[in-house]
Ligand SMILES: [Zn+2]
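Numbering (our numbering), first residue to last: 2 to 345.
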């Protein structure tokens, strides 16, 4: 039976719907990297992850709880593996653990050694997110230009019936346009919410069909996640979204190149609200405002599963908008920030 477990896009799981999935149970990656606007390319090292909530896995082969942290070949994180924030984010204590560094080989016998060596070699060839950003700065974006005081608010794991409508109400009140990264399976359940997002002037991006960790998928399954969601969205909104945000922000080099060849643009973020950890309003507000600069892409969530509580995000949003606007920032969609078309 399929279970859907939403996890946060960031490196942890966030539950979404699932019977047994314990929401936000997270696993391991607790670090999140928030990148600062400054120089992602310089500072990234691929070690952080950010959470975002994400969603689920419909495929039996994909564990609800997402990636086990221990031996991840990839940066555990997704996302942002980006540079460590200049300032510490507000994170709940339990989430503040640091991740254990990726293990590398440890062999006891000669034979094992060989095997481990091979594994290690394969792992070494796998580029971390920060390495990918450095190598393909135009294909994997974490932020926009710092010229002009523009900031993009983004909401992952939409749509749902509880939080997405509340976020939309607030955005409408302040006349702010944002970008929503949609999970295909959720769009099929709540098509009217997807249409509302578009009708109110926001932009839609592709956040996979069932929110798996892309780096655990074979190429065919990965492509299916993108294409199935694209078809679903096209039938609902009339265009094929150009923007893709991988669940947990994680993507392999081959997958990144595939998206580029097909005319997509992969966009992560450099400011993580950490809202998927169900932080309260002051924490969410602080995480955003302390790291946002001109060109920032802010990660928040508007969905995540029946046990996910995003009320901190909802309550923080008016303050975040008022504060940023008061500081002279213009809140724009990702296509406007990055100067790219919304469709392909
Ligand atoms: Zn997500």
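Virtual Cβ for every residue (Gly too), placed ideally from N, Cα, C.
Rounded to whole angstroms, the gap between the alpha carbons of residue 196 and residue 179 is 14 Å. The Cβ atoms of residue 302 and residue 181 do not sit closer than 8 Å to each other. The criterion of a C-beta distance shorter than 8 Å is not satisfied by residue 233 and residue 305. Checking the DSSP bridge columns, you'll see residue 151 partnered with 331. A straight-line Cα-Cα distance of about 20 Å links residue 275 and residue 334. The beta carbon of residue 173 sits closer than 8 Å to the beta carbons of 201 from its chain, once the five residues preceding and following it are set aside; these are given in chain order.
In the assembly as shown, residue 231 is a buried residue. Its beta-carbon has 16 or more other beta-carbons within 10 Å.
Within the same chain, Cβ atoms closer than 8 Å to the Cβ of residue 320 are found at 282 and 286, the five residues on either side in sequence being excluded. Looking at the backbone, the Cα of residue 192 and that of residue 141 are separated by about 28 Å. Shown here, residue 159 sits in a strand according to DSSP, grouped into three states. Counting only residues of its own chain and dropping the five nearest sequence neighbours on each side, residue 325 has a CB closer than 7 Å to the CB of 152, 293 and 332. Secondary structure remark: continuous beta strand (DSSP E) runs of at least 3 residues inside the segment 196-261, in chain order: 204-207. Burial state of residue 136 is exposed, judged by a 10 Å Cβ sphere holding fewer than 16 other Cβ atoms.
Classified as exposed, residue 220 has fewer than 16 neighbouring CB atoms from the shown chains inside 10 Å of its CB.
Judged by their CB atoms, residue 169 and residue 198 are nearer to each other than the 8 Å cut-off.
Looking only at 309, 249, 252 and 262, the smallest Cα-Cα distance to residue 278 is reached by 309.
The residue from 159, 329, 243 and 208 with its alpha-carbon nearest to that of residue 340 is 243. By the neighbour-count definition (other C-beta atoms within 10 Å, threshold 16), residue 206 is a buried residue.
Taking each of 175, 149, 176 and 194 in turn and checking the Cα distance to residue 159, the smallest one comes out for 194.
For residue 248, the shortest C-beta to heavy atom distance toward ligand 1 is below 7 Å. Around the beta carbon of residue 139, fewer than 16 other beta carbons sit within 10 angstroms, so the residue counts as exposed. Per DSSP, reduced to three states, the secondary structure at residue 142 is strand. For residue 301, the secondary structure class from DSSP, reduced to helix, strand or coil, is strand.
For residue 342, same chain residues with a beta-carbon under 7 Å away, outside a window of 5 residues either side, are 243 and 336 in chain order.
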